[in-house]
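Numbering (the working numbering), first residue to last: 12 to 364.
For every residue, glycine included, the Cβ atom is placed at its ideal position computed from N, Cα and C.
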């Protein structure tokens, strides 16, 4: 693709952003999860530009963002009766639902599937933009495919300058991880991607006779981001168990044998205090994120930013402590970290708080 002149817009320039979107151009905008890479979801030409800008495969569907529940339901040809309760509980917010698509949704958006992924973002700038446009926005995460998602306008500009027409800078994303994706059907709800809306919260709002399941490879559900490598920094990511200082020391010792390896560390303060009492050469530590004990929300908020910082510092490795199993966002963090490390992950129990 030919390089574009990318405009960096402020929060007050929604009209300028909506102008470009009306011209079927791609505009990056903030949401509460991560930044999105938006274009008119009803125009194939616009959506093709998303795929080109991201380097995204056409077998990978897009999430469609809408301003209201009414608009969301118009994009579906059918939905179970309990869905309204779920939407009223979690929308606007970080919940995406997969439903049979309405006829006006292009197959390009759904990667040829008969279903479409739909979400109502909570970020005020995203909502202003959607109301100004008067059409839904197809908006996958703002990044080159396979890379960590951008959680600030600066990160998006650094990654996508020359690939998109404009970027609205609206501060850091509140959550920092992509939305939970569910497929609601008559007798069951399937969680196909973990996110900020956790399984226990969904379960409490379902009728007693509706089951809650986690998707498996055998289920064959095709969702945004499910078919290809995702969230991976350029540095190689290694994981060690929560509150396991010896495992961290062993991992770092293995890397120290190499010639001047630069590395980054993500660690909870309790574990850092434990390993700091031992002799350890940390002369090649370029980036260190120390998290409050048990605060998985801070972990989620800063994870992709740390990946970006480590790559800018040209780190060879990132050593990351797994999140607190009893904390919020555990399942989502567990999923993102294992996928970023390109290791197999067993989904945590659905009833985890």
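Contact annotation: residue 227 and residue 207 have beta-carbon atoms that are not nearer than 8 Å. In the three-state reduction of the DSSP assignment, residue 112 falls in the strand class, which pools E and B.
Where residue 135 is concerned, there is no enclosing beta strand (DSSP E), although the alpha helix (DSSP H) around it starts and stops at 135-144.
A distance below 7 Å between beta-carbons, with the five flanking residues on each side excluded, links residue 54 to the following residues of its chain, in chain order: 35. Below 8 Å, too few C-beta pairs join the segment 93-112 and the segment 144-153 to call them touching: fewer than three.
The alpha carbon of residue 214 has as its nearest neighbour, out of 163, 93, 343 and 304, the alpha carbon of 93. Going by DSSP, residue 323 is part of the alpha helix (DSSP H) stretching over 307-323.
In the structure shown, the three-state DSSP call for residue 18 is strand. In its chain, beyond the 5 residues on either side, 276 have a beta carbon closer than 6 Å to the beta carbon of residue 299.
Fully enclosed beta strand (DSSP E) runs of no fewer than 3 residues occupy 177-179, 191-195, 199-204 and 222-225 of the segment 170-237, in order along the chain. Taking the C-beta atoms as reference points, residue 164 is found nearer than 8 Å to residue 19. The criterion of a C-beta distance shorter than 8 Å is not satisfied by residue 117 and residue 76.
According to DSSP, residue 89 shares a beta bridge with no other residue. Residue 179 is positioned such that its CB atom lies closer than 8 Å to that of residue 40. Proximity of the segment 65-73 to the segment 114-129 meets the contact definition, three or more beta-carbon pairs being nearer than 8 Å.
In this structure, DSSP gives residue 350 a helical state, which the three-state scheme calls helix. Between residue 38 and residue 172, the alpha-carbon positions lie close to 11 Å from each other. Cβ atoms of residue 197 and residue 46 stay farther apart than 8 Å, at about 35 Å. Residue 340 places its beta carbon less than 8 Å from that of residue 188. In this model, residue 243 and residue 351 are separated by some 4 Å (Cα to Cα). For residue 331, the secondary structure class from DSSP, reduced to helix, strand or coil, is strand. Residue pairing for residue 47: DSSP places it in a beta bridge opposite 40 and 152. If you draw a straight line from the Cα of residue 110 to the Cα of residue 130, it is about 11 Å long.
DSSP places residue 326 outside both helix and strand once states are collapsed to three, so it counts as coil. Residue nearest to residue 90 within the set 174, 158, 199 and 43 is 199 (criterion: CA-CA distance). Between residue 57 and residue 50, the C-beta gap is smaller than 8 Å, which places the two residues in contact.
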